[in-house]
Amino acid sequence: MIETEVNTSVFVFGGGWSGQRAAQELAEMGYTVTIVENEPDLGQARQKAEFLANAAPKQGEEFQASIKDLPSSKGIESLTGTSLLHFEGMPGNFRMKLLQGSQVVERQAGAVVVASDLQAEPLYETYGLTPSSRVISQSQFEALARGGQADDSIGQGKKIAFLVGLGQEGNTVAMRRVMQGAQVVQERGGQAYVYVNNIKVAAQGLERLYRDSRESGAIFFKLSAVPEIKSDGAYIASLDPVLGQEVALDPDLVVVEEALRVPGDAPKLAHLLRIDLGPWNFLQENNVHRFPTLSNREGIFVVGGSRDVADLAGSWTDAANAALEVHKFLGDGTKLAPEAKAVVDKEKCCFCLTCYRCCPHGAISWEDKPVISPLACQACGICASECPQDAIQIMAFEDDSIKSQLDQSLSQTAETPNLVAFCCENSSLEALKMARLFGLDLPSGLRTVHVPCAGKVDLDYLFSAFLKGADGVLVLTCHPGNCKSVRGNTFAGWRVENVQRMLANAGMDKSRLRFATLASNMGHELAGILSGMEDDLKKLGPSPLK
Ligand code: SF4
Ligand code: SF4
82 MIETEVNTSV FVFGGGWSGQ RAAQELAEMG YTVTIVENEP DLGQARQKAE FLANAAPKQG
142 EEFQASIKDL PSSKGIESLT GTSLLHFEGM PGNFRMKLLQ GSQVVERQAG AVVVASDLQA
202 EPLYETYGLT PSSRVISQSQ FEALARGGQA DDSIGQGKKI AFLVGLGQEG NTVAMRRVMQ
262 GAQVVQERGG QAYVYVNNIK VAAQGLERLY RDSRESGAIF FKLSAVPEIK SDGAYIASLD
322 PVLGQEVALD PDLVVVEEAL RVPGDAPKLA HLLRIDLGPW NFLQENNVHR FPTLSNREGI
382 FVVGGSRDVA DLAGSWTDAA NAALEVHKFL GDGTKLAPEA KAVVDKEKCC FCLTCYRCCP
442 HGAISWEDKP VISPLACQAC GICASECPQD AIQIMAFEDD SIKSQLDQSL SQTAETPNLV
502 AFCCENSSLE ALKMARLFGL DLPSGLRTVH VPCAGKVDLD YLFSAFLKGA DGVLVLTCHP
562 GNCKSVRGNT FAGWRVENVQ RMLANAGMDK SRLRFATLAS NMGHELAGIL SGMEDDLKKL
622 GPSPLK
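In our numbering, the protein residues as written are 82 to 627.
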C-alpha cells in the first residue's frame, strides 16, 4: 500500500436544484466545488425544472431561501454558460477542458458529481390531446395551484380530470404529483377525477397520501387503457369495471401527466466521462452494485434526476449520499491504495488498445502504453483475459497462480468425475459457502477455483482444466445486469461458447463445459447445478483427454 495524493476539488455538472444542493453539501465538508451549467445563470437552471419545486412546495421555498448567495458562497465557483469539451485523467486527478462562451477553460478535480435535473415533457400526443386552456400539463396545473385560492379555475364546483400512468409506465413521482394535486382541488371545493393504470405507491408516505386523497373525495378510475377522450378534452369516457357500464365526464380542466427525462445532452456527457448509460439514457446503469449514487467509474457519482426519476426529496438525499461518497474517496487529499492492482508488461504489449476498450471501469489511460490506475482499477481481470499478448497480470490472481491452483486441486483428487468450477467471488463463491454451511450434498470430485470476476476466466484456463484431467468444467458467474464489472459475465459467456465450439470440433461432448449464473444467496440452486452436472458426467464417462 502506498500513500497517494488526490485533488480535493470537485466538479458538479448541473447547476439546477440537485447540482446546487450537491455543491452546498460538498462545500460544507470543506471541498472546493465548481458548478458547470449550460444555462447563462443558476436561476435559469432552476427555472427549467421549476416543476420540482412546485411539486414539493415546502422544500422548494426552503431551498430558494438557503441558496440566495450560492454563486458567491465560500468554496463554490459557478461556471455558467459552460459545457464540457474534453475529459481525461483518472480518479483523484481528472483533467477537463470546458467551453465558456468562446473561451476554452482548463480545470482539474479529484471527483465529479453529475447532477442534472429532470426535464418534464407533457404526454399530450399519447392521450390524443391538443394543449389549450382546458388541456394543460401537470406542471401548469402545479403553477396554478401555487397561485393560491385567488385562482378559481381549479376551485369551487370545477371538475378536474388527471391522466396518469396510462401514457407511460407509472412512477411514484408522477403519482405523488397527481395525488397532491387532487387534494388541492378537493380542498378548494372542486372535484378531482384521476384516470390511472397501476397506482404506484412504493415510496415514503405515498400509501397514506393515496388514502388521504380518496378520503378527501377524489375519485380514482383504475383503467388498463387510455380512456376515450375528445382531442379538446371536453369529454372523457371509460368503462367502469365494477359497475360494468360506461362513465362519461365533461371536465373543466384536463391535466396531462409528464414524462420525466434526462436532458438531451446526457449521452454526450456520459461518453465524455466514460460512464455507462442506463434505461432511457439515465446516467447510471441498471446494476445493483451502483446504488445509490455510484457509477461504473471510481470518483464519478450520479445524483437525482441524472440517475433515475426522482423528486426534490430524492434528489437531495442523493446529493447528501454523493457528498459522503466523495468524502470517502477523496478524504483530506491523501489516500492509501495498493501500489498496483494490475500490471502491464511493456515488453509484451503490442499496443492493440483492447484493454483500454474493454475495461468497464475506465481504469486504463494511455501514455504511449496502457497505464492502469490503482485507484480506479477494480481488479476484475477482464483486460488480462482479453489481452492477446497475455501482457497483463492481476495481483494475487496471476495466470501462474490460477494454473497452480488447478494443478494442485486436480492432482489431489482421486474421486471421479473430476469437476472444476470457476467461481466468481461476488456470487457463486458466496453461494458455495452457503451450500457448505447448510450441509448440502456437493459432488465429491468438485474442485473450485476462486476468480475475482468470471471475466478473469481466460480461454487458457478452460483448456488447461481439461488437459490437467477435468471431466467437466463449470463457469459460475452473476446474473445478467448484476455483474459488478458490468460485462464480466458476458465475456465469460462468450468464452465458454467459443471453447464449447472448439470441443465439439475436436469430437468432445460440449456439455462437459457449462456456464451458469447465480446470486450469492443461491446455495441450493448451486448444489442442484453441481449435482446435475455430476450425474451427466457419470453418464458420459471419463474425459477422452485423460
Ligand atoms: S490488450 Fe494487451 S497488448 Fe493490447 S494494449 Fe492492452 S496490454 Fe497491450
Ligand atoms: S482489471 Fe478490470 S478494472 Fe482493472 S484495468 Fe483491467 S478491466 Fe479495468
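Where is the CB? At the ideal position from N, CA and C, for every residue including glycine.
message: Check this for me: beta carbons of T529 and V501, under 9 Å apart or not?
response: Inclusion of T529 and V501 in the CB contact set at 9 Å is warranted, their separation being smaller than that value.
message: Quick check: is any heavy atom of ligand 2 less than 8 Å from the C-beta of S566?
response: For S566, the Cβ falls inside the 8 Å cut-off from some heavy atom of ligand 2.
task: Compute the beta-carbon to beta-carbon distance between V631 and L166, rounded to the nearest angstrom, for a pair I have assumed lies under 8 Å.
output: Here the chain comprises residues numbered 82 to 627, so residue 631 is not present and cannot be evaluated.
- prompt: P138 to Q261, Cα distance in whole Å?
  reply: So the alpha carbons of these two residues sit roughly 11 Å apart.
query: Any heavy atom of ligand 2 closer than 8 Å to the Cβ of P441?
result: Answer for P441: yes, Cβ within range of ligand 2.
query: What is the rounded straight-line gap between the Cα of L107 and the Cα of M82?
result: If you draw a straight line from the Cα of L107 to the Cα of M82, it is about 28 Å long.
- request: Decide if G536 is buried, meaning its Cβ has at least 16 other Cβ atoms within 10 Å, or exposed.
  value: Under this definition G536 is a buried residue.
message: Per the DSSP calculation, H531 is bridged to which residue(s)?
response: C504.
message: For ligand 1, I want to know if Q474 counts as a neighbour, meaning its beta carbon is within less than 8 Å of at least one of the ligand's heavy atoms.
response: Q474 Cβ: outside cutoff for every heavy atom of ligand 1.
task: Could you check what DSSP says for D616 in three-state terms: helix, strand or coil?
output: The three-state secondary structure of D616, taken from DSSP, is helix.
message: Are there any heavy atoms of ligand 1 lying less than 8 Å away from the beta-carbon of K422, as far as the coordinates show?
response: No, the beta carbon of K422 sits no closer than 8 Å to any heavy atom of ligand 1.
message: For a test of the three-state rule: what should DSSP assign to C464, helix, strand or coil?
response: Here C464 sits in helix by DSSP.
task: Pick out whichever of D539, A551 and C534 has its Cα sitting closest to the Cα of L527.
output: Closest option to L527, Cα to Cα, is A551.
message: I need the straight-line Cα distance from L244 to Y542, nearest angstrom please.
response: L244 and Y542: Cα-Cα distance of roughly 57 Å.
query: To which residues of the same chain is G562 closer than 7 Å at the C-beta, ignoring the five residues directly before and after it?
result: Listed in chain order, the non-local C-beta contacts of G562 below 7 Å within the same chain comprise N367 and N368, local neighbours out to five positions each way being set aside.
message: From the DSSP secondary-structure annotation, give me the bridge partner or partners of S164.
response: BP columns for S164 point to L180.
message: What residue range does the beta strand (DSSP E) around T415 cover?
response: T415 to A418 is the span of the beta strand (DSSP E), which, as asked, contains T415.
message: Taking the straight line between their C-alpha atoms, what separation do you get for N278 and D333?
response: Cα to Cα, the separation comes out at about 22 Å.
- request: Specify the secondary structure class of A585 as computed by DSSP and reduced to three states.
  value: In the structure shown, A585 sits in a helix (DSSP, three-state: H, G or I).
field: Supposed contact pair G173 and L456 - C-beta distance, whole angstroms, cut 8 Å
entry: The pair is a contact, with the Cβ atoms about 5 Å apart (cut-off 8 Å).
message: DSSP three-state label for E496, please.
response: In the structure shown, E496 sits in coil (DSSP, three-state: anything other than H, G, I, E or B).
query: Exposed or buried, what is S305 when buried is set at 16 or more other beta-carbons lying within 10 Å of its beta-carbon?
result: Within a 10 Å sphere around the beta-carbon of S305 sit fewer than 16 other beta-carbons, which makes this residue exposed.
task: Return helix, strand or coil for R595, following the three-state DSSP convention.
output: In this structure, R595 counts as strand in the three-state DSSP scheme.
field: Three-state secondary structure (DSSP) of M515
entry: M515: helix per DSSP, three-state reduction.
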